[in-house]
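So that you can map any letter, position 410 of the sequence shown is 403 in our numbering, and since no number is skipped, the others follow by simple counting.
Using N, Cα and C, we set each Cβ at its ideal position, and we do this for glycine too.
Notes follow the structure.
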Amino acid sequence: MKKLLALMAALAMLLSCTAALADEAPADEAPEAALIALPLTVYSQTDIDRDVLAVDLAAMGYDESVLMKADAVAAVLTEADERLTLDDTGFQWDLILGGRDIFTVAGEATDAGFTLGSNLFPSHVFSFSNEELDSLARSVSSKYKEETKAMERIDVNALARAIAPIFEKFTTNSLAAFKGGEEEKGDFSLNGNSYNTMAPVDVDLAALSSALTQFEKDLLADPTVAVTIAQFDRSGKYTKAVEKAIDPANAPALHLETYANVDDEGDQSGPVDTTFTLTMPGQKDPAARGDVLVDGEDVTVAVQFLAADANMTMTARKTEAGHVYRGDLNVKGLYFGCVAEVGEKDEKYNDTDIYFLDPQNSLLRQSSTMTHEGERTFDLSKGTPVTLADLTAKNNKAVMTSLGMDATIGVAGITAAASEALPEEVSAMLALFSLSAKG
């Protein structure tokens, strides 16, 4: 049933896209602005706390040799920055060590096609003509010709008319599975907030499962929907079997309680907090409990998996600059966390902290900033062009040998530049791994 529902969701998306495309814009309407204003440069940096890394690895039981190698790699990565520059015709990505460009990949679109280059191949560039790119695109798209033809055969309006009553029936059946209890008035306190109303709801998971199963049966029984599905489902894998509904005798019990502040007019204001408990059949204690707090644009979700000794918390907070997102997972004492701060106004930035084992000290921070300045500097006009025909020709030994020799020179140059930029860190890392290889 999950596969069928996924397919129907995809069809619904395609239908909405088709409907949107059907409404053509007036000829005199101004073109929409580009999704991304160019030029655009994104700077990224990764900082690893080497002390936290050493403590984490030691706690996991790794020996001193592993700790030394990890520290050597971390020392180099902490000094590494990335820069991505985009403009109207191309891109350039640079890896920077100690303030020096070490490794570069660049590409540019021209009237004749597309050119790709890198200092990994200092004497060559890869040049693809428009004809070669079109041929490559056709070979890829040929795999989807049947799907394209199937889309052309769909009667969008007829399909929408067929699905509407089926979905309406499914919605009615699903809502019937939510059985509300008597609303209580009083003074309630939860997560530091005060409320005056509590509304309990018991969810009949067996009835909800039955509604989903019936929804699938109704879809497959409708001739219009069935024909549409058959256009894509050549093997029948989506429709071979209808999953059985949950046996009411074996259905878990799901209980919800929603707390809010409601005035005499019935209007709600302020935060809304919903708790839930999930209890397995035959058990007195819940297998899981959780809480969902919504306060304006701020959302907190906390779940305890009691039987598995695990808990998870996710939060989203609105700030003056943008948003802060946090996720924490603790399974049997093993902790993992992630915090992302996103600036969405004048200064575009993203700071992400990764926590492992230690919830107080970040193991890794990845930071990025965005600006509409900068330009590509890599010269794509100097290398010897290598075409797609050169790469795919049967007798291309000479071309591949030349590329191999060029790559050897490129690797040597990149290694030398890295050693000059960070002599101590790179030398220590290479020495450690060299000893490991010999051992």
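Got a sec? Which residues, its chain only, sit under 8 Å from A18 by beta carbon, not counting five neighbours each side?
At A18 the pLDDT is 46, less than 50, meaning the model places this residue with poor confidence; the figure from the coordinates comes in the next sentence. None.
Kindly indicate the opening and closing residues of the alpha helix (DSSP H) around P193.
Segment N186 to D197 is the beta strand (DSSP E) holding P193; no alpha helix (DSSP H) there.
Helix, strand or coil at A18 [DSSP, three-state]:
Because the pLDDT of A18 is 46, which lies under 50, any placement of that residue in the model is unreliable, and the number read from its coordinates should be weighed accordingly. Three-state result, A18: coil.
Name the DSSP beta bridge partners of H316, please?
K311 and V335
How far does the beta strand (DSSP E) with G363 in it reach, from first residue to last?
Position check: residue 363 holds Met in this sequence, whereas Gly was assumed. L357 to T364 is the span of the beta strand (DSSP E), which, as asked, contains M363.
If distances are taken between C-alpha atoms only, which option among M191, S187, L168 and A214 comes closest to D197?
L168
Inside the stretch 271 to 312 only - beta strand (DSSP E) runs reaching at least 3 residues:
281 to 288, 291 to 298 and 303 to 311
Would you report the Cα separation of A105 and F119, rounded to the nearest angstrom?
13 Å
Candidates N323, T370 and K311: which alpha carbon is nearest V335's?
K311
List the whole-angstrom C-beta distance separating A65 from M305, where the pair is believed to meet the contact cut-off of C-beta under 8 Å.
That pair is no contact at about 34 Å.
Separation of Q297 from G283, as counted between CA atoms
6 Å
Kindly indicate which residue of K178, P241 and A200 has the alpha-carbon position closest to the one of M191.
K178
Simplified DSSP state of L88, which is helix, strand or coil
strand
For the alpha helix (DSSP H) holding P158, just list the boundary residues, first then last.
V149 to L168
Spell out a yes or no on whether the stretch 359 to 376 and the stretch 28 to 37 are touching, meaning 3 or more CB-CB pairs, one atom from each, closer than 8 Å.
yes
Could you tell me which residues DSSP pairs with G83 in its beta bridges?
E101
Under the assumption that P32 contacts E368 (Cβ atoms under 8 Å), give the Cβ distance between them as a whole number of angstroms.
7 Å
Of the listed residues V324, L212, L113 and E125, nearest to A153 (C-alpha basis)
L212
Any contact of the stretch 52 to 69 with the stretch 374 to 387, i.e. 3+ C-beta pairs under 8 Å?
no
In the structure shown, what three-state DSSP assignment does D64 receive?
helix
Do A199 and I239 have their CB atoms nearer than 7 Å?
yes
Check each candidate in E175, L396 and A130 and name the one with the smallest Cα separation from S122.
A130
Per-residue DSSP class, three states only, for A410
helix
Under the three-state reduction of DSSP, which class applies to I239: helix, strand or coil?
coil
Rounded to whole angstroms, what's the CA-CA distance from Y188 to Q85? Just pull it up for me.
55 Å
Assign N112 to one of two classes, buried (16 or more other C-beta atoms within 10 Å of its C-beta) or exposed (fewer than that).
buried
Beta-carbon proximity list for R43, same chain, < 8 Å, skipping 5 on both sides:
D64, A67, A68 and T71
Excluding sequence positions up to five away, which residues of its chain have a Cβ less than 7 Å from the Cβ of P264?
N186, L286, V287 and D288
For G330, count neighbouring Cβ atoms within 10 angstroms of its own Cβ and tell me buried if that reaches 16, exposed if not.
buried
Can you give me the start and stop residues for the beta strand (DSSP E) that D346 sits inside?
K341 to F349
Is L271 closer than 7 Å to P245 when the C-beta atoms are compared?
yes
According to the neighbour-count rule (16 or more other Cβ atoms, all chains shown, within 10 Å of its Cβ), is H117 buried or exposed?
buried
What residue range is occupied by the uninterrupted alpha helix (DSSP H) comprising D180?
Taken as a continuous stretch (DSSP letters only), D180 belongs to no alpha helix (DSSP H), being part of the beta strand (DSSP E) at E177 to L183.
DSSP-derived helix/strand/coil call for L213
helix
Can you grab the Cα-Cα spacing for the pair T221 / D74, in whole Å?
50 Å
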